Structure formats: C-alpha cells, structure tokens
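The listed protein sequences correspond, in order, to chains R and U.
Note that this note's numbering numbers the first sequence so that position 68 is 69, with each residue one more than the last.
Note that this note's numbering numbers the second sequence so that position 93 is 96, with each residue one more than the last.
Ideal Cβ positions, reconstructed from N, Cα and C, are used throughout, including at glycine.
Since the model is a prediction, treat every value here as computed from it, not as a measurement.
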Amino acid sequence: DAGVIQSPRHEVTEMGQEVTLRCKPISGHNSLFWYRQTMMRGLELLIYFNNNVPIDDSGMPEDRFSAKMPNASFSTLKIQPSEPRDSAVYFCASSPQGAQGNQPQHFGDGTRLSIL
Amino acid sequence: GDSVTQMEGPVTLSEEAFLTINCTYTATGYPSLFWYVQYPGEGLQLLLKATKADDKGSNKGFEATYRKETTSFHLEKGSVQVSDSAVYFCALKDGTSYGKLTFGQGTILTVHP
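Here it is as structure tokens:
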C-alpha cells in the first residue's frame with residue numbers, strides 16, 4: 002500500500018523565493034497534518050485539515066505560511082517569501098476516522114528545506 | 004490542555020542493555036497513547052499503541068503499558084540493539100480533536116556495540 006507521499010524530498014532555494022511543498026495522503030484518510038521539525042524547536046504542528054477543511058492553523062508561524070487542501074488527495078504548504086529561519090524538515094501525516102477512533106497518524110518521509 | 008512529558012535525553016546504552024524511556028501525560032477524558040520512532044533521515048513510524056487503561060502495546064521487542072493511575076506510558080525493551088538507535092516520541096490522542104496528536108519532545112537513543 003502506498004504511504005503518505007511528499008515532494009520534493011529536498012529543496013534548496015534562496016531567501017525571498019516562494020516555496021511550495023506537496024503532500025498526497027493515504028487514500029481514505031480524512032485528516033491531514035503538516036508539521037515542522039528543527040533541532041531547536043523539535044516537532045511542531047503547523048495546521049491540520051479534516052475532510053479538506055482547515056480545523057486549526059494556530060501553529061502556522063506567520064502570514065508568510067499558507068496551506069491548502071483542494072481535494073481529498075492533495076495538500077500544499079506554501080512559504081512566500083521564504084527566510085533562512087524557515088529551514089527545517091517539513092512532514093505531512095494523514096489519519097483515518099477523524100475525531101473518533103484510535104487510529105494513528107501515518108507520516109511521510111518529509112521535505113528537507115534549506116533557505117540560503 | 005493536553006501535554007506529554009518524556010525523560011530527558013540523550014540516552015546512551017551498550018548493546019543488550021535494558022531500556023526504559025519514561026513518558027507521562029496530562030489529558031482530559033480517556034486518550035489513546037502511542038510511541039513513534041524516527042530513524043535518521045526518515046519520518047516518524049508508529050512503534051506501538053494502547054487505547055485504554057491497562058492495555059499493553061508491543062512491537063519489535065518494545066513494550067509499554069497504559070497506566071491510568073500514574074498517567075504514564077513508559078517504553079521498555081529488554082535487550083537493545085545497535086539498530087534501535089533512533090529518536091523516540093511519546094504521543095497522545097484524545098477523542099475530540101480530529102486525530103490530532105500531542106507529542107512529547109522526543110528522546111534520542113544511541114546504542115553502542
């Protein structure tokens with residue numbers, strides 16, 4: 002079975018550029034989560050969706066960050082303009098069942114982002 | 004709000020040593036509890052889970068028991084291997100948050116031959 006698919010795996014770009022990270026959740030999963038991981042701050046939840054609707058974006062650090070989920074099989078996280086402090090590994094995860102149930106989240110392999 | 008506290012790392016052990024990584028939680032209601040493992044350069048993988056009090060989750064020689072009276076979910080393994088070197092995350096999920104997980108800060112484990 003295909004897991005959560007993220008692209009690109011690595012991204013290196015100059016500050017000020019727009020960065021778009023992509024995620025394809027596991028088919029049938031109706032919750033999707035975006036995380037950021039750094040050595041200094043650990044694993045941070047940025048935003049999550051349920052049935053394509055954003056539920057909580059309180060973890061999004063600034064207005065430069067935005068996320069969309071136009072359909073059940075695709076989500077994007079966009080940074081515009083990017084800054085060096087945005088350098089991190091960004092993970093996408095998906096989960097079935099939504100509010101109820103005890104199913105775990107399934108993580109993608111992440112996008113390693115470097116802003117020069 | 005919900006919170007998860009893990010023991011401070013890093014933890015360094017010799018091969019075949021006994022491992023304990025402590026995890027305690029604060030939550031309303033009856034959360035489900037999870038341990039995730041992250042190997043270098045990879046995403047988080049579910050290691051084991053427990054969904055109600057006194058449940059024991061187990062996988063790959065690792066075990067953890069859901070203790071409601073002490074609000075704990077400590078991870079144990081009787082004999083670690085070099086291949087167990089990774090970062091371990093304890094997490095909880097309540098029943099009202101669309102599957103959102105609250106993670107601990109992670110514990111780095113290094114096992115030497």
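CB contact check: residue i to chain R, cutoff 8 Å
{"i": "Thr54 of chain U", "result": "yes"}
{"i": "Gly46 of chain U", "result": "yes"}
{"i": "Gly81 of chain U", "result": "no"}
{"i": "Leu112 of chain U", "result": "no"}
{"i": "Leu49 of chain U", "result": "yes"}
Close Cβ partners of residue i (< 6 Å) along its chain, the five nearest in sequence each way excluded
{"i": "Thr15 of chain U", "result": "Thr113"}
{"i": "Ser6 of chain U", "result": "Thr29"}
{"i": "Ala53 of chain U", "result": "Leu36, Gly60, Tyr69"}
{"i": "Leu46 of chain R", "result": "Tyr36, Gly60"}
{"i": "Asn52 of chain R", "result": "Asn31"}
Beta-carbon proximity list for residue i, same chain, < 8 Å, skipping 5 on both sides
{"i": "Ala94 of chain U", "result": "Val7, Leu36, Phe37, Trp38, Tyr39, Leu104, Thr105, Phe106, Gly107"}
{"i": "Pro34 of chain U", "result": "Asp5, Tyr28, Leu95, Lys96, Asp97, Gly98"}
Beta carbon proximity, residue i to chain U, threshold 8 Å
{"i": "Gly60 of chain R", "result": "no"}
{"i": "Phe66 of chain R", "result": "no"}
{"i": "Ser32 of chain R", "result": "yes"}
{"i": "Ile56 of chain R", "result": "yes"}
Option nearest residue i by Cα separation, candidates the options
{"i": "Gln48 of chain U", "options": "U:Tyr91, U:Gly64, U:Pro116, U:His115", "result": "U:Tyr91"}
{"i": "Val20 of chain R", "options": "R:Val5, R:Pro85, R:Ala94", "result": "R:Pro85"}
{"i": "Ala89 of chain U", "options": "U:Glu72, U:His115, U:Gly81", "result": "U:His115"}
{"i": "Met16 of chain R", "options": "R:Asp110, R:Pro82, R:Arg113, R:Pro97", "result": "R:Pro82"}
{"i": "His1 of chain R", "options": "U:Asn62, U:Gly32, U:Glu45", "result": "This structure gives no information on residue 1 of chain R, because the portion of chain R shown stretches from 2 to 117."}
{"i": "Val54 of chain R", "options": "R:Gln104, R:Asn31, R:Ile6, R:Val5", "result": "R:Asn31"}
{"i": "Thr31 of chain U", "options": "U:Pro13, U:Thr74, U:Asp58, U:Asn25", "result": "U:Thr74"}
Whole-Å CB distance - residue i paired with residue j, under 8 Å assumed
{"i": "Phe92 of chain R", "j": "Gln38 of chain R", "result": "6 Å"}
{"i": "Gly81 of chain U", "j": "Phe21 of chain U", "result": "6 Å"}
{"i": "Gln84 of chain U", "j": "Glu18 of chain U", "result": "6 Å"}
Residue i beta carbon near the ligand ADP (any heavy atom closer than 7 Å)
{"i": "Leu50 of chain U", "result": "The model on display carries no ligand, and the ligand ADP is accordingly not part of it."}
Cβ neighbours of residue i in the same chain (closer than 7 Å, five flanking residues each side left out)
{"i": "Ile116 of chain R", "result": "Thr14, Met16, Ser83, Glu84, Pro85, Asp87, Ser88"}
{"i": "Gly111 of chain R", "result": "Gln7, Val90, Tyr91, Phe92"}
List in chain order: all unbroken beta strand (DSSP E) runs of 3+ residues lying wholly within the region 32-86 of chain U. Fully enclosed beta strand (DSSP E) runs of 3 or longer: 35-41, 47-53, 59-62, 65-68, 78-80.
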